[in-house]
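Numbering (the UniProt record's numbering), first residue to last: 1 to 482.
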Amino acid sequence: MKKHLYHYFSGRTIQSKLTLIFAVIIILFNIVTISIYVSSTQLMQNYHDSFETLLRMNSISQTARDLSDHTKSYVLEQEETDLEDYYNSRLHLKELVLPLKDEGIPIRYKNYTNMVDALIDESELTIGFVLREDIEQYTARMKEVQNTANYIQETTLELQDESLMEYQTLYRDMERRNKSFKYFTISLLITSIMLGGYIAARFSRSIHKPVRKLSDAAKEVSYGKFDGEPVHVYSSDELKLLGDSFNTMRSNIQGLIKEIKNQSEQDMLMKELELKHLQNQIHPHFLFNTLNTVSKMAYFEDAPATSKLIESLATMMRHSLGDLNHMVDLQEEIKMVRNYVHIQSVRFMERVEFYMDPLAEDVHVPIPRLTIQPLVENAFIHGIESLEEGGKIEVLLREELADIIIEVRDNGVGISDEQQKRLFQGDNQEHVGHVTGIGLSNVYKRLQLFYQRDDVLEIDSTIGEGTTIRLKIPKQVGGDAE
């Protein structure tokens, strides 16, 4: 570390070295100040939040009791003033409990807010049955309201006791932190003095040594000795510039010309290689257009099977050239799968049976581009390719309440638990498609990013029996398909 620090320090200008010394000292002391401020602010905020929570729970408990009383008054008297008081208490209770529903709130507060919500719901049902004059129902509901209000008061006291215990823990933590900051400040002061002295010594040496070398070399030149040893200045500051300039005056001009010539020839060679590389590239759109032309020629030459095969390949290429960040309609993905299966059916012949769920033709939902085809390709390549006969691949769809479930099944060799683990960790390079270069890990990561959820892809697999890959696609998303 000492060696690295020396090289880093010597690679700075004199001005930057001075700036660095003062900056280090200022930063070190600012770190202490900011650390103390941030820690104190955090502790005060924790204290304030806890205190606010205590006050809020007191208000909730009292308002819950008021809500129960107003509900009971309206049940007994059925006066408009009682109903208005009930509505005011209900609204006030909802406002009080709302901050306790934020994310990050401990589970005990979530249970507490659920009880408050239950009280509000029960009171609304009670009022509703009163308005419908259902005596049996509103009598039973009124008992639930009173029981829930009593339970809220009991729970409030329990939570307040827990908060008081947390106060004691918080106070002890403040004492420990204050003691730690005391030692930290002393240690930082000692470290700052030692580091400042070390940097100052290095700074002095980095200036004195090069100046002495330049002075000795200048004396040699004054005596007419121009073939002396070059002056080596191991830094990147202004002294380095002086040393290099001095050495340049004594260098061989012819050697410099030769070096420039060699560098020029090397640059020319690199440019020629880059030009040849660009000339040898074929733009994928040109290849797509060429495939379309070949498909039409095969059709006119009475080779419909060949024409269909080339057309499927061209359509797949056009689809794969699209932006993976854009959504497409599910039907476009299904078309991509059918084209891929058509190409593979020529290769596998009778070895593979493919089934597409008829429901796939009727479902229209936005889905990320190149989502289903890589799964079908995985089933072909890594599932049933090694089977001599009896291979079967199915694409099944079903609708749930808010999602479309897409399953790709095969009866191939299966995926081991270790392979599945690597797939979900993103370091699996085995299950990568040959057509698009997109593997299962890529599909999983993109679906996670698109839908902001982790349950988008599941794998059920048994070695020697087959694999089922299940996608969960929300029916409603933020963006639309292209």
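Glycine included, C-beta positions come from ideal geometry on N, C-alpha and C.
So if DSSP puts Gly-466 in a beta bridge, which residue, or which two residues, is it bridged to?
Thr-462
For Ile-334, which residues of its own chain have a beta-carbon under 6 Å away from its beta-carbon, when the five flanking residues on both sides are left out?
The residues are Ala-360.
Taking DSSP's pairing of strands, which residues face Phe-354 in a bridge?
Ile-393
On the premise that Val-97 lies in contact with Val-116, defined as a C-beta separation below 8 Å, what is that separation, rounded to the nearest angstrom?
5 Å
Would Ile-384 and Gly-412 be called neighbours here (beta carbons separated by less than 8 Å)?
The answer is yes: Cβ separation under 8 Å.
State the CB to CB distance for the pair residue 534 and Thr-156, rounded to an integer number of angstroms; the pair is presumed to be in contact (CB under 8 Å).
A question about residue 534 goes unanswered here, because the residues of the chain that appear run from 1 up to 482.
Nearest by alpha-carbon distance to Ile-152: which of Asp-66, Ile-186, Glu-77, Asp-82 is it?
Asp-66
Can you tell which of Gln-420, Leu-440, Leu-447 has its C-alpha closest to the C-alpha of Thr-462?
Gln-420
Reduced DSSP secondary structure (H/G/I, E/B, other) of Asp-480:
Bear in mind that the predicted position of Asp-480 carries a pLDDT of just 46, short of 50, making it too unreliable to give a figure here.
Any 3 or more C-beta pairs closer than 8 Å across the region 388-402 and the region 440-457:
no
Secondary structure at Phe-129, three-state DSSP: helix, strand or coil?
Phe-129 falls in the helix class under three-state DSSP.
Can you tell me whether Val-365 is buried or exposed? The criterion is at least 16 other CB atoms within 10 Å of its CB, across all chains shown.
Flag for Val-365 reads buried.
Where do the ends of the beta strand (DSSP E) carrying Val-408 lie?
403-410
Would you mind working out which of Val-75, Gln-42, Asp-85, Asp-49 sits nearest Thr-63, comparing C-alpha positions?
If you compare the alpha carbons of Val-75, Gln-42, Asp-85, Asp-49 with that of Thr-63, the shortest gap goes to Asp-85.
Buried or exposed for Ser-245, please, with buried defined as at least 16 other CB atoms from any protein chain shown within 10 angstroms of its CB.
exposed
Taking just the CA atoms, how far does Thr-113 sit from Ser-180?
38 Å
Just to confirm the assignment, what range does the beta strand (DSSP E) spanning Ile-367 have?
Counted as a single uninterrupted DSSP element, the beta strand (DSSP E) harbouring Ile-367 occupies residues 366-368.
Round the Cβ separation of Arg-351 and Gly-391 to the nearest angstrom and send it over; I've been treating them as touching at under 8 Å.
5 Å
Is the separation between the beta-carbon of Lys-472 and that of Ile-405 shorter than 8 Å?
yes
Apply the 10 Å Cβ neighbour rule to Val-75 and answer buried if 16 or more other Cβ atoms are within range, or exposed otherwise.
buried
Give me whichever residues DSSP pairs with Val-328 in a beta bridge.
Ile-367
Quick one: grab the DSSP three-state call for Arg-176.
helix
What is the rounded straight-line gap between the Cα of Gly-197 and the Cα of Lys-182?
If you take the alpha carbons of Gly-197 and Lys-182, they lie about 23 Å apart.
Report the partner residues of Pro-474 according to the DSSP bridge assignment.
DSSP lists Asp-403 as partners of Pro-474.
Hey, Tyr-109 and Thr-126 are a contact pair by Cβ (cut 8 Å); roughly how many whole angstroms apart?
Between Tyr-109 and Thr-126 the beta-carbon gap is near 26 Å, outside 8 Å, which marks them as no contact.
Where Arg-212 sits in the DSSP three-state scheme:
helix
Start and end of the alpha helix (DSSP H) containing Gln-452?
Counting along the chain, Gln-452 falls outside any alpha helix (DSSP H), and DSSP gives it neither H nor E.
I'd like to confirm the pairing. Which residues does DSSP put opposite Leu-457 in its beta bridges?
Leu-471
So Gln-78 is in the alpha helix (DSSP H); what residue range does that whole segment cover?
From DSSP, Gln-78 is part of no alpha helix (DSSP H); its letter is neither H nor E.
Express the C-alpha separation of Ser-163 and Ala-379 in angstroms, rounding to a whole number.
Here the C-alpha atom of Ala-379 lies approximately 56 Å from the C-alpha atom of Ser-163.
Report the residue from Ser-192, Gln-476, Thr-169 whose alpha carbon sits nearest the alpha carbon of Phe-31.
Reading the sequence as shown, one finds Ile at residue 31 and not Phe. Cα-wise, what sits closest to Ile-31 is Ser-192.
Member of Lys-475, His-382, Asp-216 whose CA lies at the smallest distance from the CA of Pro-230
Asp-216
Could you give the C-beta distance for Gln-78 and Val-130, rounded to a whole number, given that I count them as a contact under 8 Å?
7 Å
Do Leu-159 and Leu-57 count as a contact pair if the criterion is CB distance below 8 Å?
What sits at residue 57 in the sequence shown is Met, not Leu. In this structure, Leu-159 lies closer than 8 Å to Met-57 by Cβ.
Answer with buried or exposed for Glu-465, where buried requires no fewer than 16 other C-beta atoms within 10 angstroms of its C-beta.
exposed
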